[in-house]
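Worksheet: one structure, shown below.
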Amino acid sequence: MAAATTAAAHLAASALTTTQRQLDRVFPPKARQETYAQAVELATTRPLLFSFILAQATITLTPILLFLTFTLSTLAFALGCAALFTLLWAGVALLILIPTLFVASGIALCVWAWGVATFFACRWTLAALQGLTAPPPPAAAAAGGAGEDEKRRESASSFSSPPTSWAKVEKVEDSDGMRKE
Numbered sequence: 001m002a003a004a005t006t007a008a009a010h011l012a013a014s015a016l017t018t019t020q021r022q023l024d025r026v027f028p029p030k031a032r033q034e035t036y037a038q039a040v041e042l043a044t045t046r047p048l049l050f051s052f053i054l055a056q057a058t059i060t061l062t063p064i065l066l067f068l069t070f071t072l073s074t075l076a077f078a079l080g081c082a083a084l085f086t087l088l089w090a091g092v093a094l095l096i097l098i099p100t101l102f103v104a105s106g107i108a109l110c111v112w113a114w115g116v117a118t119f120f121a122c123r124w125t126l127a128a129l130q131g132l133t134a135p136p137p138p139a140a141a142a143a144g145g146a147g148e149d150e151k152r153r154e155s156a157s158s159f160s161s162p163p164t165s166w167a168k169v170e171k172v173e174d175s176d177g178m179r180k181e
């Protein structure tokens with residue numbers, strides 16, 4: 001029994017020390033002494049005013065504290081509900097956003113692949129057209145051998161019409177005297 005009493009006294013002393021330390025942080029001892037001296041002076045010089053202020057502060061403190069507690073707890077509850085509401089709708093929005101991002105990413109990949117394929121097709125077509133319309137280099141023509149341009153022309157035109165159809169359109173008259181293009 002004595003041990004329990006000693007433990008309770010030690011706990012009470014510890015709580016009192018902690019409370020005193022927190023009070024000293026908020027309201028320093030020097031300022032407390034000045035306020036206490038002013039209160040004693042008011043109580044001795046104007047006892048009716050001091051008793052009125054003391055009665056008002058004592059009686060109205062409980063409703064004021066209850067009001068503040070209610071207001072702060074309502075605010076905390078409202079903020080908690082707002083946070084949960086926001087998280088709920090952010091989750092619903094994520095359920096829409098993630099598949100949308102997958103579809104958009106797939107479309108972007110297709111557009112990119114189409115652009116790359118178009119680039120290579122245009123480059124190949126340009127090379128084939130340049131090979132068909134370019135005149136033979138003078139050194140290759142003089143030597144009589146097939147130069148690099150000739151080989152490129154032959155490989156490019158293996159499935160297309162003769163090179164003259166690419167170079168210019170000639171008007172030819174038919175035996176009836178009709179023009180053909």
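Numbering (full-length UniProt numbering), first residue to last: 1 to 181. Glycine included, each C-beta is placed from N, C-alpha and C at the ideal position. Computed from a predicted structure; not experimentally measured.
Nonlocal neighbours in the same chain, by C-beta distance under 8 Å from residue i, ignoring five residues either side
{"i": "ALA3", "result": "none"}
{"i": "SER161", "result": "In this predicted model, SER161 has a pLDDT of only 49, less than 50, meaning its place in the structure is not dependable; the value taken from the coordinates is given anyway. No residues qualify anywhere along the chain."}
Beta-carbon separation (whole angstroms), residue i vs residue j, contact threshold 8 Å
{"i": "THR43", "j": "PHE50", "result": "What sits at residue 43 in the sequence shown is Ala, not Thr. Yes, they are in contact, since the Cβ atoms of ALA43 and PHE50 sit about 4 Å apart, within 8 Å."}
Local Cβ density within 10 Å of residue i, reported as buried at 16 or more and exposed below that
{"i": "GLY131", "result": "buried"}
{"i": "PHE159", "result": "Any answer about PHE159 is weak, because its pLDDT of 49 lies below 50 and its placement is not dependable; what the coordinates show is given next. The residue is exposed, with fewer than 16 neighbouring Cβ atoms inside 10 Å."}
{"i": "ALA9", "result": "exposed"}
Per-residue DSSP class, three states only, for residue i
{"i": "ALA82", "result": "helix"}
{"i": "PRO28", "result": "coil"}
{"i": "ARG21", "result": "helix"}
{"i": "ARG123", "result": "helix"}
Close Cβ partners of residue i (< 7 Å) along its chain, the five nearest in sequence each way excluded
{"i": "ILE59", "result": "none"}
{"i": "PHE70", "result": "none"}
{"i": "SER72", "result": "The question names Ser, but residue 72 in the sequence shown is Leu. Excluding sequence neighbours, LEU72 sits near nothing in its chain."}
The ligand GDP heavy atom lying under 7 Å from the CB of residue i
{"i": "ALA7", "result": "The ligand GDP is not part of the structure shown, which contains no ligands of any sort."}
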